[in-house]
Amino acid sequence: MADVPAAEKTAQSEQILQKTRDERMKRQTRGRKFLQHPEFGALAGVILVFIFFGVTAGDSGMFAPDGVLNWSTVSAQLILIACAAALLMIGGEFDLSVGSMIGFAGMMIAIPMVYFGWSALASTLFAFAGALAVGFLNGWIVVRTRLPSFIVTLASLYILRGLTIALSIVFSNRTIVSGVKEAAGDSIIPALFSGIAFRPLFVWFAEIGVFDKLADGTPAVQGVPAVILWALGLAFIAHVILTRTRVGNWIFAAGGDANAARNVGVPVTRVKIALFMFTAFCATVYATNQIFEFGSAASDRGLLKEFEAIIAAVIGGCLLTGGYGSIVGACFGALIFGVVQMGILFTGVPNDWFRVFLGAMLLTAVLFNNMIRRRVTGER
Amino acid sequence: MAAAEQTHQDRPLIEVKDVTKFFGPVVALTGVSMTVNAREVHCLLGDNGAGKSTLIKTLSGVYQPSEGEIRVEGAPARFTNPRDALDAGVATVFQDLAMIPLLSITRNFFMGREPAKRKGPFAFIDMKHADAVTREEMKKIGIDIRDPQQAVGTLSGGERQCVAIARAVYFGAKVLILDEPTSALGVAQTSMVLKYVRQVRARGLGVIFITHNVRHAYAVGDRFTILNRGKTMGTFAKSEISLDALQTMMAGDKELQDLAELEGTI
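Here the protein sequences line up with chains A and R, keeping their order. Per full-length UniProt numbering: the first sequence = residues 1 to 380. Per full-length UniProt numbering: the second sequence = residues 1 to 266.
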């Protein structure tokens with residue numbers, strides 16, 4: 001047996017494999033491989049969108065360095081909350097209060113800084129703590145009452161948005177609290193959330209002629225905005241947690257079938273509450289970034305962002321019923337969103353068409369995802 | 001030493017003594033007693049509403065008994081949740097199988113008990129090991145899965161049932177409670193599951209096999225306990241009772257008349 005040539009051996013085992021292979025399994029192989037990657041649909045969408053705007057807006061500056069910066073910043077902002085929405089959706093829940101949380105977190109930073117004289121660090125920490133508490137409460141109510149998270153977080157959407165407007169009026173008599181930049185002074189927090197990274201590198205790029213220089217000699221693109229780094233960092237962490245850790249398996253299990261998961265010992269309650277807290281955390285990162293970017297908190301910040309986050313997650317392959325989806329897909333979804341939103345501006349098409357496109361894209365994605373789920377679970 | 005081991009083996013894995021269960025005014029179980037030994041398939045038979053589900057949910061820690069006692073290997077046990085029961089070696093495969101169709105076989109197999117591999121301060125799932133174990137365990141029961149990463153939804157009902165049983169066995173179950181494992185299966189798949197139940201018994205586990213199909217029970221059972229209206233009607237060894245007698249016991253007097261009218265057996 002030992003002196004059988006290697007080639008013959010593989011031929012033998014191939015033969016055995018052929019015999020044992022079930023003829024009914026064959027047709028599923030390719031489809032199955034495909035199904036393991038929920039982000040494939042979104043990847044195809046990204047490629048299509050890039051080809052489309054490459055052709056229609058190729059000479060409009062959309063793919064020049066500052067154009068790229070433009071749509072990648074918009075996409076990065078959305079990635080921040082889309083990743084959280086995707087994790088939560090895979091875990092079987094929704095959070096409709098993400099947009100309101102962005103506005104509320106902004107106020108939690110701006111009001112203590114501007115009106116109580118808190119430092120940037122103290123008020124930012126306060127905002128994160130407050131947001132995590134709200135996320136905990138959302139999750140706790142959902143898990144405890146077993147009400148649909150849709151309804152519970154719809155209530156938080158109104159409560160938080162109402163609080164944001166009311167508190168803003170109480171303190172500043174307007175719906176905008178400004179003066180944040182001045183109040184921050186020389187704290188490191190603004191740089192951490194809305195600074196620009198790799199500045200020297202980009203100066204050097206301009207020197208060697210990769211980018212154009214502006215009239216004053218500074219490069220057209222000064223560096224990578226912090227929001228992009230935050231988005232990529234959080235997306236990476238979320239992706240690793242989801243695909244490589246036990247908690248990730250628990251998220252899938254909690255969303256796939258919470259009861260089954262509980263029966264085999266998965267701490268479903270803790271997982272779900274943690275996901276709501278993570279969503280609030282990401283919304284606060286988004287808010288902090290905006291606060292220090294604009295130097296003000298406005299009570300309409302983050303309006304409708306909850307839907308954009310959910311749309312990006314669904315385009316990225318997440319099922320509305322939970323238990324299936326990916327972070328990479330959600331990032332692609334957010335990228336499609338950002339590229340189309342900005343691309344339409346570059347092509348000069350009226351902005352109204354953006355929503356038409358978005359709706360059509362969402363419908364296509366949902367139909368596609370639904371088909372995949374049916375095929376996997378064998379439903380008809 | 002040998003004698004001690006002997007008594008240890010003779011001791012039943014599970015003893016249920018006069019267990020009753022009330023849900024408010026509803027009496028679901030009124031004094032149920034049964035024992036399960038190692039290397040035994042103990043069939044629990046009963047028609048709908050006999051209390052089978054309540055009894056297994058009590059044994060698996062979903063419910064707590066109102067009165068009476070459950071002993072595991074001689075020691076009194078009080079499970080407050082399914083995890084407690086699992087830790088004591090009592091694993092239940094419920095009808096929903098605790099399987100998530102969209103997740104891979106491996107991820108389902110290790111759900112809640114994922115093998116971790118440390119890298120610095122972080123712990124990751126050891127997916128390679130998990131895949132290898134899953135493939136190996138499935139091969140032991142004669143199911144050759146080429147790709148353990150394929151979704152459970154692509155398996156047949158019988159295969160899924162076997163994955164659920166294999167998972168319980170792999171994670172050290174001493175007693176396996178199977179809740180109507182054959183109720184939704186065709187003939188070929190039923191025989192696949194029943195064969196596997198025999199194999200599990202040969203490995204030294206005790207099996208509680210819940211069913212209302214007397215034929216399936218008789219095919220694998222060593223002893224039979226019949227449950228009717230929340231009470232045990234008696235326990236019989238296979239040598240003491242025939243298939244027909246078992247059928248008659250289970251159906252009770254009233255249904256027997258109906259059966260005669262149907263001109264056939266069910």
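Even glycine gets a Cβ: it sits at the ideal position worked out from N, Cα and C.
A residue is called buried when at least 16 other Cβ atoms come within 10 angstroms of its Cβ; A:L48 does not meet this threshold and is exposed. Interface annotation, A:F368: not in contact with chain R, CB-CB separation never under 9 angstroms. As computed with DSSP, R:T35 is found in a beta bridge with R:E15. Its chain contains P12, E15 as the residues whose beta carbon lies nearer than 6 angstroms to that of R:T35, once the 5 sequence neighbours on both sides are disregarded; these appear in chain order. For R:G206, there is no enclosing alpha helix (DSSP H); the residue is found in the beta strand (DSSP E) stretching over 206 to 211. Taking 9 angstroms as the threshold, the shortest C-beta distance from R:I125 to chain A falls below it. Contact annotation: A:G103 and A:L234 have beta-carbon atoms that are not nearer than 9 angstroms.
Of all residues in the stretch 246 to 258 of chain A, only R246, N249, F252, A253, G256, D257 come within less than 7 angstroms of chain R when Cβ atoms are compared, listed by chain position. One thing to note: R:F110 has its Cβ no nearer than 9 angstroms to the Cβ of R:T80. Burial state of A:D212 is exposed, judged by a 10 Å Cβ sphere holding fewer than 16 other Cβ atoms. Taking a C-beta cut-off of 7 angstroms against chain R, none of the residues of the stretch 136 to 169 of chain A qualify. Taking 9 angstroms as the CB threshold, A:V210 stays off the interface with chain R. Residue-level contact by beta carbon fails for A:L234 and chain R, as no gap is shorter than 9 angstroms. Between the alpha carbons of A:L43 and A:N369 lies a distance of about 14 angstroms. For the C-beta of A:R373, the chain R residues within less than 8 angstroms are, from N- to C-terminus, L102. In the structure shown, the three-state DSSP call for R:A173 is coil.
Chain R places no beta carbon closer than 9 angstroms to that of A:V271, leaving this residue out of the contacts. Out of A:M277, A:G316, A:V339, A:C83, the CA that lies nearest to the CA of A:W230 is found in A:C83. In this structure, the straight-line span from the alpha carbon of A:L214 to that of A:G135 is close to 44 angstroms.
In the structure shown, A:D95 adopts coil according to DSSP, grouped into three states. DSSP, reduced to helix, strand and coil, places R:V26 within a strand of the structure shown.
Rounded to the nearest whole angstrom, the CA to CA distance from A:A76 to A:G223 is 15 angstroms. The alpha carbon of R:E73 has as its nearest neighbour, out of R:S60, R:Q64, R:L178, R:G89, the alpha carbon of R:G89. Fully contained in the stretch 97 to 159 of chain R are the following beta strand (DSSP E) runs of length 3 or more, in chain order: 116 to 119, 122 to 125.
Residue pairing by DSSP places R:F236 opposite R:F224 in a beta bridge. At a beta-carbon threshold of 7 angstroms, the residues of chain R lying near A:A260 are D96, A98, M99, I100, ordered along the chain. Residues of chain A with a Cβ closer than 8 angstroms to the Cβ of R:P82 are, in chain order, R262, N263, V264, G265. Listed along chain A, no residue sits closer than 7 angstroms to R:R135 by beta-carbon distance, the nearest being about 14 angstroms off. Contact between A:G91 and A:G255 holds, with the beta-carbon distance rounding to 5 angstroms and staying under 8 angstroms. Note that the C-beta distance between R:E137 and R:V169 is below 9 angstroms.
With a threshold of 9 angstroms between beta carbons, A:L319 makes contact with chain R. The alpha-carbon separation between R:E180 and R:D147 amounts to approximately 28 angstroms. Close CB contacts of A:A120 within its chain, under the 7 angstroms cut and outside five residues either way in sequence, are with M113, A184, S187, I189, P190 (chain order). A:A235: not part of any beta strand (DSSP E); member of the alpha helix (DSSP H) spanning 226 to 244, first to last residue. In this structure, A:L275 is the residue among A:V264, A:A283, A:L275, A:R146 with its C-alpha nearest to the C-alpha of A:G248. Contact of A:G91 with chain R is not assigned, every C-beta pair being separated by 9 angstroms or more.
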